[in-house]
Amino acid sequence: MNKLEAEDIYYLMVLGRAFEYAAKENYMKGNISGFLHLDIGQEGFSVAAIKAFEKGDIFSTYREHIMAMARDIETKAIMAELFGKQTGVSGGKGGSMHLFEPSRFFYGGDAIVGGHIPNAVGCAYARALQGNEDGVMVIFGDGATNGGAFFESLNIAATHKLPLLFLCENNEYAIGTNIKRAAPFREQAKKAEPYMLTYTVDGMDAKAVYETVRKAQIQIQEGHGPVFVEAFTCRYEGHSVSDSNAYRSPQEMNHCKVKDPLEKFKKELQEKWLCSEREIKSIEAKAQKAVDEAVEYAENSPEPELDALFENVFYEERKNVVS
Amino acid sequence: MLYREALNKALDEVMNADDTVVTLGEDVGLYGGSFRVTEGLVEKYGEKRVIDTPIAELSIVGNAVGMAIGGLRPVAEIMTGNFSLLAFDQIINHMAKLRYMSNGKITLPMVVRFPQGVSRQLAAQHSESYEQMLSAVPGLRVLSVSDVNYAYHALKYAVLSDDPVIFIEHELLYNKKGEVNFSQNLDPFKARIAKEGSDITIVSYLKMVDDVMLAVPEIEKELGCSCEVIDLCSLNPVDYESLKHSIEKTSRLVMVEEDHKTGGYGAQIVSWAAEEMFYTLDAPPLRLAGEDVPIPYNRSLELASIPTPESITRDIVTWGKKNDV
Ligand SMILES: Cc1ncc(C[n+]2csc(CCOP(=O)(O)OP(=O)(O)O)c2C)c(N)n1
Ligand SMILES: [Mg+2]
């Protein structure tokens, strides 16, 4: 990581947080509806992981706004998708949970817990067959590691030595259920140990996440087969905007928030890269401006045409044969 | 009482009366259930009988089958029907078939509950309905509750029944208000006449019953007719007897469902009418259903993908005028 890259990571983290707060505000205003899963507290993890996985395909979950931004998908097109507008990443048909941009090798945006992991395995298989060495990264929560799709994927990826990075975001919660009540141990990397190289990292430390994911991708590129990385994070908000978060005590919340990823990485910028207060302020102002513009863009964008309802069910449109 | 409170009360009563009844699912315990149906139960009956599970739907249903074999009466909650797909092997190959394959040696007193349907902008992976698939599986009872009183009685019945029951709820009904008649002796397999009438039989289930009821005053005004509204309540078995009585009176049938039209549940009702009631009908049956598309996020598109009170009114009035109602 050089200074420019570090500044970019900080920019994206600030952008991400401002975006999530703007999304929450617009949810309250009724401009956004359905499920809205905020990534506040996990920005460092999301940004650094995507940036460190420089090339290659990415499969993620419904908590993916910031990851999409870090993969250079336009902030305003993401906000417009949350607003359900025609100009949104998925034309308003997907919403917050379903951001897809194959031109950036970003495949969602999947809202069935664990459901995208086998898809990533298949894509890694395709990449191996094609001789592409960058590999595939699949991101999922701690909760997803308790399902069959996850275990089947570990086995298949390891058997075929596929170029696949399993990236687990362990925030210790699946909605209201603490990981301790859903699995026999806190570190989910233990589940992958018999199959592949595993690393655990402090997910609140963007630099550490960056370095670990970078190292993992290089190992995959060198032909070591799949690698598992687990990052411990803290989500500051409820599971989604409609979750009250009542199952976590104020003490637990305070404890989980002590290592704020933005504050931590700001120090890195100041101490390692000698960024001045002015430089940092200007990054922050630029991020806020991008979010304000994204909201304005989303507000002023048109609704999808009614015909869009029937478009893209198939690649090739065919009608029932009537007479 | 609210619909979800009626379900909660039913569960509470059966758990209190019979300590072999257990309930399991994601966030059913400490969290109180995603839709608060199991609220307060873990405090009363403990974590051994109100079991928070990992996100593992195949195991939720598979474990429930094993619990039933082992002598318990499990009530499995699938957070929403969309995730029941992960459990379909357990539902279809195990829950539905063990009794038959064992020639009755195995009995499975168990219930799988799930909310489903188009809620509000939850997009394609969180808006589906599965009654058409589940009703087509021999060996499963399929109940679909739309009425608060019925919800209470049907769930109690389902838990105490010795057959495997799929118990379908609709996500937009949980806050519906209604009266519960606790002393009633209600047969959950009997259709409910939501409104009596003499000229058109409108058959529906789950939330669409409420949408039909909202549409009926305008339809009656426009067509100068009277509608009978039937809430099927049980999708398998079907109370054809009640449908027959109604159609003999009205000689017209409209079927309304939220799910996609092709292969949808209502096709069963209409094909039955074509076979059994052909000479009684004065008009071709009308089937109103959702479009054959995944459910989109955008609100206008979402509403355009399913029947609404407005579209039900419009479509029944157009059909009625064409067919001299
Ligand atoms: C198969 C399936 N079951 C249940 C759900 C409902 N659900 C959505 S997110 C979630 C919790 C997921 O927790 P985790 O994997 O830890 O990810 P996090 O939300 O913490 O990022 C649940 C149970 C779902 N979407 N898919
Ligand atoms: Mg989690």
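So the sequence lines, in the order shown, correspond to chains A and B.
According to numbering that gives the first Met the number 0, the first sequence is numbered sequentially starting from 0.
According to numbering that gives the first Met the number 0, the second sequence is numbered sequentially starting from 0.
Where a beta carbon is used, it is the ideal one built from N, C-alpha and C, also for glycine.
Contacts that residue 173 (chain A) makes with chain B (C-beta to C-beta distance below 7 angstroms): 54
Neighbour flag for residue 142 (chain A) against chain B, beta carbons, 8 angstroms: yes
Per-residue burial, residue 241 (chain A) [other beta carbons within 10 Å of its own, 16 or more giving buried]: exposed
Member of A:235, A:312, A:279 and A:268 whose CA lies at the smallest distance from the CA of residue 42 (chain A): A:235
Residue 173 (chain A): CB within 7 angstroms of a non-hydrogen atom of ligand 2: yes
Neighbourhood of residue 26 (chain A) by C-beta distance below 7 angstroms, restricted to the same chain and skipping five residues each side: 35 and 240
Contact set between residue 183 (chain A) and chain B, taken where Cβ atoms lie within less than 8 angstroms: In chain order: nothing, as chain B lies at least about 11 angstroms away.
Counterpart residues of residue 323 (chain A) in DSSP-defined beta bridges: This structure cannot settle anything about residue 323 (chain A), because the visible part of chain A is limited to 0 through 322.
The segment 194 to 210 of chain B in contact with the segment 252 to 266 of chain B per 3-pair CB rule at 8 angstroms: yes
Closest residue to residue 270 (chain B) among B:259, B:281 and B:285 (Cα-Cα distance): B:285
Near-chain B residues of the segment 28 to 47 of chain A (beta-carbon distance less than 7 angstroms), N- to C-terminal order: 32, 33 and 34
Span of the alpha helix (DSSP H) around residue 256 (chain A): 249 to 256
Which listed residue (B:8, B:15 and B:61) has its alpha carbon closest to that of residue 24 (chain B): B:61
8 angstroms CB neighbourhood of residue 307 (chain B) in its chain, flanking five on each side removed: 210
Boundaries (first-last residue) of the alpha helix (DSSP H) holding residue 291 (chain B): Here residue 291 (chain B) belongs to no alpha helix (DSSP H), and DSSP marks it neither H nor E.
Cβ-heavy atom distance, residue 51 (chain B) to ligand 2, below 7 angstroms: no
Sheet register partners of residue 140 (chain A) (DSSP bridge): A:168
7 angstroms CB neighbourhood of residue 9 (chain A) in its chain, flanking five on each side removed: 264, 265, 268 and 282
For residue 34 (chain B) and residue 249 (chain A), the rounded distance between their alpha carbons: 24 angstroms
Three-state secondary structure (DSSP) of residue 224 (chain B): coil
Inter-residue Cα distance where the pair is residue 187 (chain B) and residue 232 (chain B): 7 angstroms
For residue 326 (chain A), the residue or residues it bridges with in DSSP: The structure shown does not extend to residue 326 (chain A), since chain A is modelled only from 0 through 322, so no value can be given for it.
Whole runs of the beta strand (DSSP E) within the segment 182 to 264 of chain B, excluding any shorter than 3 residues: 191 to 194, 199 to 203, 226 to 230, 233 to 235 and 252 to 259
Residue range of the alpha helix (DSSP H) that includes residue 64 (chain B): 56 to 68
Interface residues of the segment 84 to 107 of chain A facing chain B [CB-CB below 7 angstroms]: 91, 92, 93, 94, 96 and 97
Range covered by the alpha helix (DSSP H) that runs through residue 150 (chain A): 147 to 158
Residue 153 (chain B) - containing beta strand (DSSP E), residue span: Unbroken run through residue 153 (chain B) is the alpha helix (DSSP H), 147 to 159; no beta strand (DSSP E).
Check: residue 26 (chain B) C-beta below 7 angstroms from any heavy atom of ligand 2: no
Assumed close pair residue 117 (chain A), residue 165 (chain A) - CB separation to whole angstroms, cut-off 8 angstroms: So it is not a contact: roughly 12 angstroms between Cβ atoms.
Test item: CB-CB of residue 101 (chain B) and residue 116 (chain B) under 8 angstroms: no
For residue 292 (chain A), the three-state DSSP class (helix, strand or coil): helix
DSSP state of residue 21 (chain A) mapped onto helix, strand, coil: helix
Same chain, Cβ closer than 6 angstroms to residue 39 (chain B), five either side skipped, listed in chain order: none
Cut-off 7 angstroms between Cβ atoms - residues of its own chain near residue 69 (chain A), not counting five sequence neighbours on either side: 11, 45, 46, 49 and 50
Close beta carbons around residue 86 (chain A), own chain, < 6 angstroms, minus the five adjacent residues each side: 79 and 300
Short Cβ contact (8 angstroms threshold) for residue 403 (chain A) with residue 142 (chain A): As shown, chain A starts at 0 and ends at 322. That puts residue 403 (chain A) outside it, with no answer to give.
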